[in-house]
Structures are given as C-alpha cells and as structure tokens.
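Below: the structure, in structure tokens.
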Amino acid sequence: MFLSLHIVLINHIATFHLPTPSLRQPPFSLSLAPMSALSNSSSSHGNSFLKMPAIKFTKLFINGDFVDSISGRTFETIDPRKEEVIARVSEGDKEDIDIAVKAARQAFDSGPWPRLPGSERAKIMMKWADLVDENIEELAALDTIDAGKLYYINKVAEIPSATNALRYYAGAADKIHGDVLKMNGDFHAYTLLEPIGVVGHIIPWNAPSLSFFIKVSPSLAAGCTMVLKPAEQTPLSALFYAHLAKLAGIPDGVLNIVPGFGPTAGAAISSHMDIDAVSFTGSIEVGREVLQAAAWSNLKPVSLELGGKSPLIIFNDADIDKASELALFGIMSNKGEICVAGSRVFVQEEIYDEFEKKLVEKAKSWVVGDPFDPKSLQGPQADRNQLEKILSYIEHGKREGATLLTGGNTVGNKGYYIEPTIFSNVKEDMLIAREEIFGPVLALMKFKTMEEAIKSANNTKYGLAAGIVTKNLDTANTMSRSIRAGIVWINCYFTVGSDVPFGGYKMSGFGRDLGLQALHKYLQVKSVVTPIHNSPWL
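Below, the structure is given as structure tokens:
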C-alpha cells in the first residue's frame, strides 16, 4: 500500500542532513533507551502521554450533513496501542454510496463548485488548509489512536505535508487551461481542460491524513465533486476533515465521506455507473477488483497505487554509518507500513560485514513504544490482522532458511507492537524477499557488481521506489536510469514533495499522485474547431 508513500516526511528528517534544532527527537536519534528497557514496561504501552481527543464525528458525511447509514449498522474502530474500542462508526453500504453519488452528481451538474473561477476555489481550499492547521493537534492525536502513528511525526510532518498538498493544488486551480492549435486550412482550433466529473476515492489506513489530501486536493482544484471511502481501520480524521471543509465553505455535495468496508462500500464506488473516475491506493488484489469493476460498469478511468518491494542499494564507497541509518529509517519508519519502505537492502560485498554489524546495533536501539511518547520511534501496527500477517512472514523467513539477526517478536503484553526485524542470508526467491510485508521486516542481501545490483533490484513484480547510496555520480546516474521504479532516491529516502509525481511501474500500479500529473487525472481534454472566414493570416 501507499502514500500509499504512505507517509511523507519533511526533507531534513529523511535525508543525511542534520535535523534542525526544533525537531527534538528525529528518527536518526538512536542513542535512546534500548528496546529491551521498554519491552516489559507497562508505562510504554498502557498510558497516554497526552489527553485523548474527544471523538466528535462518527457518522457518514453526505451532502454537507453528518447522517446515519441507511442500515443503521456501525463498526468498531480500535486503538492499536491498547486493543480497545475508540468509537463505533456508521457503516456505509451500497445504498449509502448511491445517495452520496447522487449528491455529488447534483453538485457537479448544477452546483457552484465547477463553475467558480479557479481563484475562488483556491480561496476556499486555502481557508480549509488554515482550519486544518488550527486543529492540527487534535487531528494528529486522532491518527495516533486510530492508526498507531507517531503523534510527533503526525504533527510536524505528515499533516503539514498534507496541507502543503492542499495549498499546492489551490495554487494550481486558476492555472488550468488548454492550448491554441495550428491547423491546416481555414480553421481555428483550441483545447479545453474540463473537470472529469464525479470522482470516487478509496484510501488506505497507513497514512490517513496524507492519503486523504493527496486524493482530494487535485480533484477539488480541477472542479470535480467526489465520494471518498476511508479505510475502515482509520475513519476518524477523514470525518473531521469533512467538518472543516464545510466550515471553509466547500459547497454541500462536493465532498462526501462514506466509511465502510471494501467488499461493500468500496465495491459500490468501483462499479457505480454515475462515478466518472476512481483513484485507489491499496493492495494488488483489491486493485485488480477495482479495475475489473470499473471496466464492467461504465469503463471509468482508474488510477492505482498498489505498493512495492523497494530496493535500497548501497555501494562500497558509501559512508557506512550514514548508510546504515538510512537503511534502518527506510524500513522502520511508520513501523514499516509504508508502500515505499526499503524492505530489500543490497550491500556491496566489500562493506557488507561492517554494514550488517552497524545496522543490527542501531536496530537494537530503535525504541518501540507508545506513539504519544516523544522517545518512541515506532508505535504499534495498525491492527491485529496486520500484526499477525507480519509475524507469519517472519516465520516463513525462518522456515526458508534466512538468518534472523534481530527482532522477530512482539513487544509488551498489550497492543500490536513488534520488534524491528532483520534477516540476512536471504535468497531472492524467498517469500520475505518477494512479497510486500508492510511491517518492520528487512531482508539484507549482498552483491558484487553494478550489473548484479540492477538485476536484483528489478527482480520483483513491483516498481514503486528505489534508493541508491553512493558517492559516484556515474554510478548514481546509471542505477537511476536502470531501475524500473516510479521514484528513485539518491543518498536520501522518503524525500518527496507536492510537486514530485508519485506512482509505480509494473504491478505497483499506474497513474500518478502529486505533481501536476495528478491534477490532469481529473481533467478531460476537449478539442474545439471552428472555421475562420476572411482571415488575413492562418
């Protein structure tokens, strides 16, 4: 899964540069208490370090109002720190999606949003971003209790990155225009860029806020209306954002939020005859179903971001200490629940032994604990299913003959916590080297030559991201052009921005989030041709 990216960290956290003094516990500060000191501490997992937010919004948001689902059913959203119910949320189904789509269609066909000047849409989007900033602590806490994400990173990195995306596309809203074309003969031609219509968004649970705004922002700027289904694991912040959108002045029916489950609400979006486009971030298996449903319904265009098994390739001229920090950061950030996680690390054999030693030392100091605790570098996995999936992959690795260097166990007696886990002696045909684990599990391998590294990096069905660590510009250029991935980082990782297109090759999907390419996903190109009579020139 994404953003999918599934977290975007500000550049000074994600690169080799030292963090600014205002960031007091960056992920590279590994000189904290060892994990063993926390593993049996109830204070690390059972107690909160901040006052818990009140849960204000648990109903569907349709046509500008919070409403119960037609069925009246609700589902539990669980705090992964404590394995306790946070709230019961209205469960949207096909009937609710139909109502939401009807509201979005009315807002598109007859409402003001597509007809506003881009500059007016931009003002409302900017006001929405300001309201998010004003409520950032509460929103950061919601994503922490709902997804187990680090509160500090939510507050200083992920949600600010989300509002940056909102402001970026607000700035693009009044710059949408076509081209004037030169035709043969007495004709004048030009193109129009028109909003595609009603859009369906289906977002993942690993980066609830960022995923929300990566999808919503460009489609709003384009003049579209939409129905969004948040992941059933993490619906709370999306509903809060809907409340703030209404306060900002987004017209009723433009933004509709329907929490629910994939086989019901998600399937209804994918197959709906009155939805004009779908953007999905999630697994390959569900992506196939979305694509098939879109094809069998109204042949709506689909954008898919379907995860990765990203390689990080470290050459023998690298600074070993910094490279080991980057490798650890690349897989352990957001507890490995990132679609671009550097889960396959290839190290040139001359430095492999020293690199492995440093990496394991750092992993043993990586602090797992309550995500509200500023000392914690890793919170709990998002839910029990994900925890059990990760543990099953670890058992596969052991059975297939990989060497477990560190980790592999759960942490504490309550919550979905797991140790940072590193395997060596990994073969490329092993399950842990082929499948997206979506957890803090790293497969460590060695290589001899650049050609071997390229072949190994590309030996995957995925193609979302890759990292290269080298001081040699020729090596960096050759590798970045040889690896089949949508984004390649050189001597950094997770470094992205609102203007940097994000998406995959191969089975990591197609279409791009972020950048102006994302805006154009939600626009149709119309050509207009008219005769020219008695023109003095052509």
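Residues -15 to -1, 1 to 523, numbered by mature numbering (1 follows the signal peptide of the UniProt record, and there is no 0), are exactly what the sequence shown covers, in order. All C-beta atoms, glycine included, are put in the ideal place defined by N, C-alpha and C. Model, not experiment: these values are computed from the prediction.
Report back the beta-carbon spacing between residue i and residue j to the nearest angstrom; my notes put them in contact at under 8 angstroms.
| i | j | result |
| --- | --- | --- |
| L213 | I188 | 7 angstroms |
| V411 | A438 | Contact flag wrong, Cβ pair sits at about 15 angstroms. |
| F495 | S318 | In fact, because the Cβ distance is near 26 angstroms, the residues do not count as touching under 8 angstroms. |
| G293 | V325 | 6 angstroms |
| G452 | K320 | No, G452 and K320 are not in contact; Cβ-Cβ is about 19 angstroms, not under 8 angstroms. |
| L195 | S264 | Not a contact, Cβ separation roughly 14 angstroms. |
| V454 | L311 | 6 angstroms |
| M258 | S282 | 6 angstroms |
Can residue i be considered in contact with the ligand PLP, in the sense that its beta carbon sits closer than 8 angstroms to one or more heavy atoms?
| i | result |
| --- | --- |
| D83 | As presented, the structure is devoid of all ligands, the ligand PLP included, so that no description of it is given. |
Which partner residues does residue i have in the DSSP bridge list?
| i | result |
| --- | --- |
| G452 | L297, W474 |
| H228 | BP columns for H228 are empty, so no partner. |
| I403 | T395 |
| Q363 | V353 |
| R73 | E61 |
| T176 | S512 |
| M211 | V184, L240 |
| D50 | I47 |
| V263 | G185, V287 |
| S409 | T388 |
For residue i, which residues in the same chain have their Cβ closer than 7 angstroms to its Cβ, ignoring the five residues on either side in sequence?
| i | result |
| --- | --- |
| M111 | R152, A155 |
| L17 | In this prediction, L17 has a pLDDT of 26, which is less than 50 and means its spatial position is unreliable; what the coordinates show is noted afterwards. Once the five neighbours on either side are set aside, the close Cβ partners of L17 are S350, V352, K360. |
| P286 | A262 |
| L177 | G163, K511, V513 |
| L15 | Residue confidence is low: L15 scores 24 on pLDDT, short of 50, so the model does not pin down where it sits. No coordinate-derived value is stated. |
| residue 548 | This structure does not reach residue 548, given that the chain is present from -15 up to 523, and the question cannot be answered. |
| E404 | M20, V353, G392, G393, N394, V396 |
| L313 | L344, K347, A348, W351 |
| P180 | P99, A207, G208, C209, Y507, L508 |
| E413 | S441, N444 |
Just tell me which of the options has its CA closest to the CA of residue i.
| i | options | result |
| --- | --- | --- |
| H162 | A192, A326, E119, A207 | A207 |
| Q91 | R329, L221, G182 | G182 |
| A150 | V165, G251, N48, P486 | P486 |
| V52 | V201, A107, E68, P244 | P244 |
| L372 | M435, Y402, L166 | Y402 |
| T210 | S483, S520, G96 | G96 |
| L449 | L289, C477, E436, P215 | L289 |
| L523 | R58, L135, N139, A174 | A174 |
| G272 | S255, N283, D259 | S255 |
| M82 | A227, A252, M37 | The residue asked about is misnamed: residue 82 is Ile in this sequence, not Met. I82 has its Cα closest to that of A252, out of A227, A252, M37. |
| A227 | I316, A461, D50 | D50 |
| L477 | S467, P193, S202, K456 | Looking at the sequence itself, residue 477 is Cys, so the reference to Leu does not match. It is K456 whose Cα lies nearest to the Cα of C477. |
| Y136 | A125, A142, S146, F172 | A125 |
| E217 | A85, I242, A278 | I242 |
| K446 | M258, T62, F300, P296 | P296 |
| I84 | K200, L240, L376, E68 | L240 |
| K79 | R66, F60, S56, A280 | S56 |
| residue 549 | P203, A461, R419, G386 | Outside the shown range of the chain, which is -15 to 523, sits residue 549, and nothing can be said about it. |
| R469 | G489, L458, D459, I475 | G489 |
Below 8 angstroms CB to CB, which residues in the same chain sit around residue i once its five sequence neighbours on both sides are set aside?
| i | result |
| --- | --- |
| R9 | Low confidence applies to R9: its pLDDT is 27, below 50, so where it sits in the model is not reliable, and the reading given next is rough at best. So the list reads P359, once near-sequence residues are dropped. |
| K229 | In the sequence on display, residue 229 carries Leu and not Lys. Here the set comprises W113, L116, V117, N120. |
Tell me which residues share the same chain as residue i and place their Cβ nearer than 6 angstroms to its Cβ, disregarding the 5 neighbours each side in the sequence.
| i | result |
| --- | --- |
| S465 | V473 |
| G382 | F408, I417 |
| F423 | E322 |
| L(-7) | Caution is warranted here: a pLDDT of 40 is assigned to L(-7), below 50, making its placement in the model unreliable, and the coordinate value is therefore given only provisionally. Around L(-7): A142, F479. |
| G185 | V212, I254, I260, V263 |
Inside the segment 271 to 342 only - alpha helix (DSSP H) runs reaching at least 4 residues = 305 to 317
With a floor of 4 residues, list each alpha helix (DSSP H) that falls wholly inside the segment 83 to 145, ordered by position along the chain.
-> 103 to 119, 121 to 132
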